[in-house]
Structures are given as C-alpha cells and as structure tokens.
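Engineer: This is the structure, below, for whatever I ask next.
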Amino acid sequence: MATVAERGATAPEQARAAVRRRHRRRAAWRRQWVALAFMSPWIIGFGAFYVYPMAASLFFSFTRYDILSQPEWVGLDNYKFMFTGDALFWPAVRNTMWMIAFLVPLQVIFAIGAATVLTRVKRGLPVYRTIFFLPTMVPLVAAALGFVFLLNPAGPVNRLLRLLHLPDPLWFYDPAWTKPGLLLLGLWMVGQTMILFLAALLDVPKQLYEAAAIEGASPWQRFRHVTLPMISPVIFFAVVIGVIHGFQYFTEAFVVSGSGDSTGLDHPIGYPQDSLRFFSSHLYQQGFEGFHMGYAAALSWVMFVVIMACTIALIRTSRRWVHYQGGFR
Amino acid sequence: MARRPVPPEIRRRRMLMSVANHSVAIALSIAFLVPFAFILVTALMTNQQALSTDYWPHPFKWSNFSEVFHAFPFLRYTLNSFTYAVLATVGVVLSCVPVAYALSRLRWRGRQTAFLLVLSTLMLPPQVTIVPLYVIFVRLHWIGSLKPLIIPLFFGDAFSIFLLRQFFMTIPQELSDAARVDGASELQILTRVIVPLAKPAIAAVALFQFLYSWNDFFSPLLYAGNSPESWTLAVALTQLTTLSRGVLWNLQMAGALLFTIPVLIIFFFAQKVFVEGVTLTGVKG
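Below is the structure:
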C-alpha cells in the first residue's frame, strides 16, 4: 500500500516502510494460518461428510450399486425407472404432498391460535406456556408410540368417541385414517412454532392496535390488517421450515407403521396399504433394506432438487406477502 | 399519578373477558396434557388392565418401571443412548467453539465464503449424503456400532457453529484487543476471554446437541438398526412389540416414559438456557 506521502519520502524512510510492510504481510500470513488451524475440524468434516459424499451420491445416482460389487454405470436408468417404472414412487410422492398440504397450514393456524390465547391471559402465562410447550420436549419416537397407543382401535380416544356416539375410526389400521392420525400428533407437538409466534405477537407495537381501534376496526380487521402483516415474517419462516421438514417426514411414519400388532409381527414400510409410504420412507427402504444404493441416491437428488425449488418458489412469492418492518425488501 | 377508578360495567366486562380467555387456555392445556395422563396411567397398569376398558390402575403397578429392565436389555439401551448423547455433545463443543471463533473474531481471507458454506450445509437435507456415508462406514466396519453417530460430530456441526458464531459476534472486540496487547495468543484469548463470556451459548449448544442425540432416531436406526447390542432407546422402543411377540402397552408406555423423563428433567432445570438459545437462532436443532 504505497501512499502519496511515502512517494516523496527519503531512502531510509522508504526502507523502513518496506520493513513495516513485510512485517504486516508476515502478520497477515500468521493470522491466516492461525485461522485455518481453528477452522481445521470443520474443513476436514466438510470435505469428508459433505463434499465427497455429495459428489459420490451424484455419481451413484447414475449407477447400479449394491455395495458388494462395483458400481455399474447405467446412465439415466434410475431416473427413468423412478418416474415410469416404480409403482411405489408416485404413491410416496402423493402421501408426502398430502402431508405437507395439510400439516403445514394446520400447524401454522393452530400455533397462531394457541399463541394468541397465551397473549390474552394476564395471570398464569408462564404455567400455560410451559404446558403448551411440554409435548414438544417429548422425543419423537416416544410421542409417536404414545399416539399409537392413544389411537389404537380399543384405546382411550376411541372409547371417548364411542361414549359421545361419534364415529370411531381404526386410525393407524385404516389407510384412510393414518395420515389424519399423524396430523393430530403434529398438532400436539406444535410448541416450537407456537413459541416463535408468541414472541412475534408480543412484538407488535401496541400503538398500531390503538390506532386501528380509533379508526373503528373490528377485531377481525385488526387481526387481518395489523397482526397478520406484522407476524408474516414468522409465518414465512414456519412455512419454509415446515415444507423442508415435510419432505423429510420419516420417523413418525416409520414408528407408526412398524410398531407391530398384537401378534408381534413387524409391519412393512408404509403399512397399511402404503398409506404411510412417504418420500423418505421409500428412499430408506430402497437404499437400506433393498440395498439399491444407486436408485436411493437418485431418489435423494430428486428430493434435494424439489426441496430447493420449493424453497426458492416460497422466497419468490414471499416478496408479495411478507412484510418486513422498516425495510424495503 | 392518580388513576381514575374503573367504572363497574367496564370492570365486569374485563372480568368476563378474562374468564373467557382462561377457559380457552385451560381447555387447550387439558388437550395438551391428556395424552401424558393416559400414557402414565397405562404405564401403571397390569397388562390385562391395559387391554381392558379401565381408566384407573388397580393396583398401581409401579414395578412396571423396573420390569422393563428385566423384560428387555433396557439398561444396555439406556447406556447406549447416554454414550451417544454425551460423546456427541463433547465432540460438538470441542470442534465448534474454535471454528465459530475463527468465523467471528479473526480476520482472514475466505472467512465470508467459509461462513456461507457452513450455512449451506445447514440447509442440505441429510438424505443427500447418507448413501455414500453409509458406504464409507461399511468400508470402515463401523456399521453396527455407535461410531458413525459420534465421530462425525468431532468435525463440526453447522447449527452449533452458527449459534456460537452469532453469540461470539456480540462480545466487544476491545476485550480481545486488550488481551492481544498483553501478548496473549489467539488460543489463550479463546480459552481465557471468550469461552468464559460465552458460557450461556456453549451451554445452549451442549443442551441442544444432547437432546438431539438422545431423541435421534434416523441415524441410530440406519447405522445400528441391525445389531441389537448397539440399539439406543429410541430404536429399541420401536422394537418392543416384536421382541415380546405381542403388544405390552403397560411396559411400552413405561419404557416411553423412562425415555422421556431425562428430557423433561433437563427442560425444567434449563428452561432459561433453552429460551436464550431459541431466541439467538430462531430455531431448535
């Protein structure tokens, strides 16, 4: 960095400046090495657990590979088979879409509702908040098992429904009722999203509601034109995360399908009648039960691309409906 | 400031509103708590009673909680879960603290790029990498053990790096500069200045990782699913019906509760750490 002042300087001054520069450069190098040393765990992990596996999985997706023998190049066969030959692929896609289409909106609505209730109770808020949040803390496997018990044909929920002379479905044994059963589980565990909405609702400036009230806005109008725009960033966040998780929906379905029946027999993935075969379940079965590693890799790349496309599409539309306070975005 | 007394009709209206709000809140609380109640009550029943239409255990069979350990190798599963959760937590803290330090408090070329790459791995669905990872772990003969679950976490975890980095950014730079003037090395600054100040964030990262590993189902199923001696509680619980050749609701619910209780204890004692971590990043791991 030769500055204007240095250009007119005498020889000894120039020499001293050169030494200083060299020192500075050496210090910068040292800093660089120190930083890389601190970064080293991640650099190794990034190479070994992300860069190489991603490249390898893309390669595998064009091969037939069962781990035991060498991968055999088959071009686009895996992808062709997926869309035209695999009888279970489209059911898996349909089930996944069904789950996302219902679970994400229902969770958002229910979370906003529960959070709104919390903002309106003055006394006892910490107690209610803890109770509403508690189910979220339960490990997913334990929660899913709990719901398998609660919703078993002779279980407490059906006894209650019969008592009220309501229809008592077979839930996880009736293909038409398995996914609604999982919706109930998803709503029970909504605490995380609810806490985010609670924080957002408490952040809405009071003056906005007062101004709206002075203008004679009804409670619905206040919600529609004040609350909703103000919490729209959190809605956006919850929808994006919900959709991403929706594509990866696995554990709940695996536990419910595989928890077995009174005979102790294991049920296959997707039981009953593939009503719980989701995209991830299908991938798991193809890759790690059937060891069609090439095909599983192809499935994973399709999943990745679809998730990316959905996220980008959501971000695109968000400009129209997400309102960021004090910013033009 | 003297307040004007509230007119009685407004007070009555407020009172009614408050009653209405609390009724809704109580109704929702019941809906959230009823599953716990049914599971607990069933865990205390005999098996015949659990299959009957009874609502109340008679007699209270507290021994179910110890019977789980006799009927299944539950101690083994519990130990496996603890091993996974504790070692994963140690690995994440050890590997992520220095990385977050380099990403937030050191000036070097490539820092922004590296941070973006960390964030991009956070977005990557794990399914994209599992096939080759599985192949790697087969080659290393790690399948059937807990190694594939634990060892990768000694090489950084995007979520934890992100959370720690966000916290480190808030610590004033002058503190580091003062230590540098005194001749402290970067490692000394990290261990003597930053880590003591970042205890809440480190606690949050440790807590999230412990809970994540304790609850994790997919990875233990994938890597240890075929070797029962390496099952964690999460995997084992889904296999109890098969192991006992039939449904034993009472023991299964007792097992599920035993699996849940450590999490709830941690939650009650560490609620504050939890809330701070959530607000720092907006998400739970």
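Chains as they are written, first to last, in this note's numbering: chain X, 1 to 329; chain B, 330 to 614. By construction, the Cβ of each residue, glycine as well, lies at the ideal position given by its N, Cα and C atoms.
(1) In this structure, what does DSSP give as the bridge partners for Thr63 of chain X?
(2) In three-state terms, what does DSSP make of Asp274 of chain X?
(3) So with CB distances below 8 Å, who are the chain B contacts of Ser259 of chain X?
(4) List the whole-angstrom C-beta distance separating Ile465 of chain B from Leu551 of chain B, where the pair is believed to meet the contact cut-off of C-beta under 8 Å.
(5) Which of the residues in the segment 355-374 of chain B, read from start to end, lie with their CB under 7 Å from any CB of chain C?
(6) Throw me the rounded Cβ distance for the Thr412 of chain B and Leu475 of chain B pair, which I believe falls under 8 Å.
(7) Under 8 Å between beta-carbons, which chain B residues line up against Val255 of chain X? List them in chain order, please.
(8) Can you list the residues of chain X that His470 of chain B reaches, using a CB-CB cut of under 9 Å?
(9) Which bits of chain B does Gly287 of chain X rub up against, with CB to CB less than 8 Å?
(10) Identify whether Ser358 of chain B lies in helix, strand or coil by the three-state DSSP scheme.
(11) For the segment 113-188 of chain X, list the alpha helix (DSSP H) runs that are entirely contained and at least 4 residues long, ordered along the chain.
(12) With respect to the alpha helix (DSSP H) encompassing Leu452 of chain B, which residues constitute its N-terminal and C-terminal limits?
(13) Less than 8 Å between the beta carbons of Leu228 of chain X and Ala115 of chain X, yes or no?
(14) Just the C-alpha distance for Leu76 of chain X and Ala92 of chain X, rounded to the nearest angstrom, thanks.
(15) Quick one, which of X:Ala27, X:Val108, X:Phe46 has its alpha-carbon nearest Phe237 of chain X's?
(16) Looking at the structure shown, is Phe83 of chain X part of a helix, part of a strand, or coil, going by DSSP?
(17) Short check: CB of Val302 of chain X to CB of Leu276 of chain X, under 8 Å?
(18) According to the Cβ coordinates, are Gly420 of chain B and Ile479 of chain B closer than 8 Å?
(19) Any Cβ of chain B within less than 8 Å of the Cβ of Ala56 of chain X?
(20) Taking contact to mean 3 or more Cβ pairs, one atom from each stretch, closer than 8 Å, check whether the segment 127-144 of chain X and the segment 156-171 of chain X are in contact.
(21) Could you pull the start and end residues of the alpha helix (DSSP H) that Met39 of chain X belongs to?
(22) I'd like to check one pair, Ala532 of chain B with Val426 of chain B: are the Cβ atoms closer than 8 Å?
(23) In terms of residues, what are the limits of the alpha helix (DSSP H) holding Ile307 of chain X?
(24) Does DSSP put Asp332 of chain X in a helix, a strand or coil?
(25) Would you please state the rounded distance, in angstroms, between the beta carbons of Ile100 of chain X and Gly246 of chain X? I believe it to be under 8 Å.
(26) Is the CB-CB distance between Gly575 of chain B and Val564 of chain B below 8 Å?
(27) Please confirm whether Phe46 of chain X and Thr450 of chain B have their CB atoms less than 8 Å apart.
(28) Could you run through the segment 381-410 of chain B and flag, in chain order, every residue whose CB is less than 7 Å away from some CB of chain X?
(29) In the DSSP assignment, find the unbroken alpha helix (DSSP H) run with Gly258 of chain X in it and report its ends.
(30) Using 8 Å as the threshold, is the C-beta distance between Ala298 of chain X and Ser61 of chain X below it?
(31) When you check each C-beta in the segment 198-226 of chain X against every C-beta of chain B, which residues fall closer than 8 Å?
(32) Relative to the alpha-carbon of Leu446 of chain B, which residue among X:Trp42, X:Thr84, X:Glu289 has its alpha-carbon at the smallest distance?
(33) Measure the beta-carbon distance from Met39 of chain X to Val348 of chain B and round it to whole angstroms, keeping in mind my assumption that it falls under 8 Å.
(34) Which residues in the same chain have their Cβ closer than 6 Å to the Cβ of Trp188 of chain X, if we skip the five residues on either side of it in sequence?
(35) Can you give the beta carbon distance from Ala583 of chain B to Ala372 of chain B, rounded, assuming they're within the 8 Å contact cut?
(36) For Phe147 of chain X, which of X:Gly124, X:His292, X:Leu185 has the nearest alpha-carbon?
Structural biologist: From the atom records:
(1) In the first sequence, counting from the first residue as 1, residue 63 of chain X sits at position 63. In DSSP, Thr63 of chain X forms a bridge with X:Trp73.
(2) Within the first sequence, numbered from 1, the residue matching residue 274 of chain X stands at position 274. Here Asp274 of chain X sits in coil by DSSP.
(3) Mapped onto the first sequence, residue 259 of chain X falls at position 259. Result: Thr567, Thr570.
(4) For the purposes of this step, residue 465 of chain B is taken as residue 136 along the second sequence, with counting starting at 1. For the purposes of this step, residue 551 of chain B is taken as residue 222 along the second sequence, with counting starting at 1. So it is not a contact: roughly 13 Å between Cβ atoms.
(5) Looking for chain C here will not work: the only protein chains present are X and B.
(6) For the purposes of this step, residue 412 of chain B is taken as the residue at position 83 of the second sequence. For the purposes of this step, residue 475 of chain B is taken as the residue at position 146 of the second sequence. Rounded, the Cβ-Cβ distance is 6 Å, consistent with contact.
(7) For the purposes of this step, residue 255 of chain X is taken as residue 255 along the first sequence, with counting starting at 1. Within chain B, the residues near Val255 of chain X are Phe546, Thr567.
(8) Taking the second sequence and counting its residues from 1, one reaches residue 470 of chain B at position 141. Within chain X, no residue comes near His470 of chain B; the closest Cβ sits about 13 Å away, beyond 9 Å.
(9) Here residue 287 of chain X refers to the residue found at position 287 when the first sequence is read from its first residue. Going along chain B in sequence order, the residues near Gly287 of chain X (Cβ under 8 Å) are Ile459, Val460, Tyr463.
(10) Position 29 of the second sequence, counting from 1, holds the residue named residue 358 of chain B. Ser358 of chain B falls in the helix class under three-state DSSP.
(11) 125-137, 140-150, 156-163, 178-188
(12) In the second sequence, counting from the first residue as 1, residue 452 of chain B sits at position 123. Before going further, note that residue 452 of chain B is Met rather than Leu in the sequence given. Looking at the DSSP string, the run of the alpha helix (DSSP H) that includes Met452 of chain B is 440-452.
(13) Here residue 228 of chain X refers to the residue found at position 228 of the first sequence. Here residue 115 of chain X refers to the residue found at position 115 of the first sequence. No, Cβ-Cβ distance for Leu228 of chain X and Ala115 of chain X is not below 8 Å.
(14) On the first sequence, position 76 is the one that residue 76 of chain X refers to. On the first sequence, position 92 is the one that residue 92 of chain X refers to. Near 21 Å, if we compare the C-alpha coordinates of Ala92 of chain X and Leu76 of chain X.
(15) Position 237 of the first sequence holds residue 237 of chain X. Ranking X:Ala27, X:Val108, X:Phe46 by Cα distance to Phe237 of chain X puts X:Val108 first.
(16) Here residue 83 of chain X is taken as the residue at index 83 of the first sequence, counted from 1. Three-state DSSP puts Phe83 of chain X in a helix.
(17) The residue you call residue 302 of chain X lines up with position 302 of the first sequence. The residue you call residue 276 of chain X lines up with position 276 of the first sequence. Cβ distance not < 8 Å, so Val302 of chain X and Leu276 of chain X don't count as in contact.
(18) Translated into the one-based positions of the second sequence, residue 420 of chain B becomes position 91. Translated into the one-based positions of the second sequence, residue 479 of chain B becomes position 150. Yes, Cβ-Cβ distance for Gly420 of chain B and Ile479 of chain B is below 8 Å.
(19) In the first sequence, counting from the first residue as 1, residue 56 of chain X sits at position 56. Judged by the 8 Å Cβ criterion, Ala56 of chain X is in contact with chain B.
(20) no
(21) Within the first sequence, residue 39 of chain X is the residue found at index 39, counting from 1. Its alpha helix (DSSP H) spans residues 11-46.
(22) For the purposes of this step, residue 426 of chain B is identified with residue 97 of the second sequence, where counting begins at 1. For the purposes of this step, residue 532 of chain B is identified with residue 203 of the second sequence, where counting begins at 1. Cβ atoms of Val426 of chain B and Ala532 of chain B: not closer than 8 Å.
(23) Numbered from its first residue, the first sequence carries residue 307 of chain X at position 307. Looking at the DSSP string, the run of the alpha helix (DSSP H) that includes Ile307 of chain X is 293-321.
(24) Examination of residue 332 of chain X is not possible in this model, given that chain X is present from 1 through 329 alone.
(25) By one-based count along the first sequence, residue 100 of chain X stands at place 100. By one-based count along the first sequence, residue 246 of chain X stands at place 246. Yes, Ile100 of chain X and Gly246 of chain X are in contact; Cβ-Cβ is about 4 Å, under 8 Å.
(26) For this step, residue 575 of chain B is matched to residue 246 along the second sequence. For this step, residue 564 of chain B is matched to residue 235 along the second sequence. Val564 of chain B sits away from Gly575 of chain B, with the two beta carbons spaced by 8 Å or more.
(27) Your numbering for residue 46 of chain X matches position 46 in the first sequence. Your numbering for residue 450 of chain B matches position 121 in the second sequence. Yes.
(28) Thr382
(29) The residue given as residue 258 of chain X occupies position 258 in the first sequence. Unbroken alpha helix (DSSP H) run through Gly258 of chain X: 251-258.
(30) One-based indexing of the first sequence puts residue 298 of chain X at position 298. One-based indexing of the first sequence puts residue 61 of chain X at position 61. For Ala298 of chain X and Ser61 of chain X, yes; Cβs fall inside 8 Å.
(31) Flagged, chain order: Ala199.
(32) Here residue 446 of chain B refers to the residue found at position 117 when the second sequence is read from its first residue. Closest option to Leu446 of chain B, Cα to Cα, is X:Trp42.
(33) What you label residue 39 of chain X is simply residue 39 of the first sequence in a count that begins at 1. What you label residue 348 of chain B is simply residue 19 of the second sequence in a count that begins at 1. Contact doesn't hold; Cβ gap of about 58 Å is too wide.
(34) Here residue 188 of chain X refers to the residue found at position 188 when the first sequence is read from its first residue. Excluding sequence neighbours, Trp188 of chain X sits near Pro135.
(35) Residue mapping note: residue 583 of chain B aligns to position 254 of the second sequence, counting from 1. Residue mapping note: residue 372 of chain B aligns to position 43 of the second sequence, counting from 1. Yes, they are in contact, since the Cβ atoms of Ala583 of chain B and Ala372 of chain B sit about 4 Å apart, within 8 Å.
(36) One-based indexing of the first sequence puts residue 147 of chain X at position 147. It is X:Leu185.
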